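Asks: Take a look at this one; I'll ask things after.
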Amino acid sequence: MNSSGWRSQKNSLSINSGGLQQPLFRFATSAGLFAAVLFAPWWVSAILGIIATLYFPKFYEAVAMALLFDILYGTSIEWLNGFQFIFSAVVIVILVISEWARGYLRWY
0 MNSSGWRSQK NSLSINSGGL QQPLFRFATS AGLFAAVLFA PWWVSAILGI
50 IATLYFPKFY EAVAMALLFD ILYGTSIEWL NGFQFIFSAV VIVILVISEW
100 ARGYLRWY
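The sequence shown maps to residues 0 to 107 in numbering that gives the first Met the number 0.
What follows is the structure, encoded as structure tokens:
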């Protein structure tokens, strides 16, 4: 509290208040997911993408990484009329479901 009896607010760009910590963590997560797409097995990228999508709100980087994964490693599926972007479609569905579920969860 200051002299007038009101609590003073912290600077929103302070590292200790979480102002810069969250974007740096999100960038590091995106870089780690990018490295996982390039160098790790597909299931590692899938697990990391799902965890990041559930942790961060509107984690659109997962869709970009899934598109990269499908462009690099995806094959067409005949029973889906040659559709190649299966991983991207699954990630988009997971992103939509997680954003919908956030509205009903208490801690988000």
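For every residue, glycine included, the Cβ atom is placed at its ideal position computed from N, Cα and C.
As the structure is a computational prediction, the values presented were derived from the model and not from experiment.
1) Residue 46 bridges to which residues according to DSSP?
2) Could you spell out where the alpha helix (DSSP H) holding residue 60 opens and where it closes?
3) Do residue 32 and residue 47 count as a contact pair if the criterion is CB distance below 7 Å?
4) In angstroms, rounded to a whole number, what distance separates the CA positions of residue 25 and residue 97?
5) Which same chain residues end up closer than 6 Å to residue 65 when comparing Cβ atoms and leaving out the 5 residues on each side of it in sequence?
Replies: Once the coordinates are examined:
1) Residue 46 sits at position 47 when you count from the first residue of the sequence shown. None; residue 46 has no bridge partner.
2) As a working mapping, residue 60 is identified with position 61 in the sequence shown. Taken as a continuous stretch (DSSP letters only), the alpha helix (DSSP H) holding residue 60 covers 60-72.
3) Start at 1 with the first residue of the sequence shown, and residue 47 comes out as number 48. Start at 1 with the first residue of the sequence shown, and residue 32 comes out as number 33. Contact: yes.
4) For this step, residue 25 is matched to residue 26 along the sequence shown. For this step, residue 97 is matched to residue 98 along the sequence shown. If you take the alpha carbons of residue 25 and residue 97, they lie about 17 Å apart.
5) As a working note, residue 65 is residue 66 in the sequence shown. 86, 87, 90, listed in sequence order.
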